[in-house]
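Take the sequence shown: its letters are residues 48 to 205, numbered as in our numbering.
Step one of this worksheet: look at the structure below.
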Amino acid sequence: YVRLFSAALAKTPNDPYLHFMLATHLNSLGRLPEALTHFDEAYGLSPDSDIGLQGLEKKADLLFRQKNFKEAAAAAQSLLVIDPENVMAKTIFASLHLLSGQLDQSIELLRDILASKVKARFGISLAMPNYLLGQAYKLKGETEKAQACLDEYARLKG
Numbered sequence: 048y049v050r051l052f053s054a055a056l057a058k059t060p061n062d063p064y065l066h067f068m069l070a071t072h073l074n075s076l077g078r079l080p081e082a083l084t085h086f087d088e089a090y091g092l093s094p095d096s097d098i099g100l101q102g103l104e105k106k107a108d109l110l111f112r113q114k115n116f117k118e119a120a121a122a123a124q125s126l127l128v129i130d131p132e133n134v135m136a137k138t139i140f141a142s143l144h145l146l147s148g149q150l151d152q153s154i155e156l157l158r159d160i161l162a163s164k165v166k167a168r169f170g171i172s173l174a175m176p177n178y179l180l181g182q183a184y185k186l187k188g189e190t191e192k193a194q195a196c197l198d199e200y201a202r203l204k205g
């Protein structure tokens, strides 16, 4: 698929969908720097479209998973400017709070995600906010709340 999407991009270099699809396949192959470039390109070419927003979400998530927290936070902030209820962006910020020991801030943000009527977009699961909330409660010593969240995480992961 990488060869196919690369060839298509050679003919149509400004197609955000092709950049997104190439990035997705590069990501699955572990070619992360290249994937980041193409997710960023998908967003840059079409920032007001669903494919552009998906590119920015994937970029933020990939940066976070690479432990590039500063850039992940910047991408998440850009997502919140576009969509103030963005689940991916809020989950990244909650994770950053959790990693820095700001448990109450993390819990507040995660509870906000789970209580909102906004559903995750583009197949982003609400399982992760439940998992993170369970971990935050566990760190605070609130084992019953932690277990309830972790049970919900397991149910959602199916």
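For each residue, glycine too, the CB sits at the ideal point set by N, CA and C.
Closest residue to residue i among the options (Cα-Cα distance)
i, options, result
"T214", "R202, V134, E104 and P131", "This structure cannot speak to residue 214, because the chain is shown only from 48 to 205."
"S142", "I129, F67 and G181", "G181"
"S172", "P94, D108 and H144", "D108"
"G188", "D151, L76, L56 and P176", "D151"
"K192", "R158, L76 and L203", "R158"
"H144", "A89, P63, A183 and S75", "A183"
"R202", "L76, D62, G91 and N177", "N177"
"Q149", "L186, I129, A123 and I160", "L186"
"P94", "P63, E118 and A57", "P63"
"G99", "N61, F140, I160 and R50", "N61"
"A122", "L83, H66 and S96", "L83"
"L56", "L156, L92, Q194 and N74", "L92"
Buried versus exposed, by CB contacts within 10 Å (16 or more), residue i
i, result
"T59", "exposed"
"S147", "exposed"
"Y48", "exposed"
"K114", "exposed"
"P134", "Per the sequence presented here, residue 134 reads as Val, with Pro not at that position. Flag for V134 reads buried."
"L51", "exposed"
Beta-carbon separation (whole angstroms), residue i vs residue j, contact threshold 8 Å
i, j, result
"S163", "E132", "6 Å"
"S153", "L126", "Going by Cβ atoms, the distance from S153 to L126 rounds to 18 Å, so no, they are not a contact pair."
"A89", "G77", "Not really, about 19 Å apart at Cβ, beyond 8 Å."
"K204", "A174", "5 Å"
"K106", "D87", "6 Å"
* Taking only runs that begin and end inside the segment 89–140, name each unbroken alpha helix (DSSP H) of 4 or more residues, in chain order. => 97–112 and 116–129
* Asked: Of all the alpha helix (DSSP H) runs that stay within the bounds of the segment 142–199, which reach a length of 4 or more residues?
  -> Counting whole runs of 4 or more residues, the segment 142–199 contains the alpha helix (DSSP H) stretches 150–162 and 174–186.
* **Those runs of the alpha helix (DSSP H) which lie wholly inside the segment 52–80 and span at least 4 residues** => 63–75
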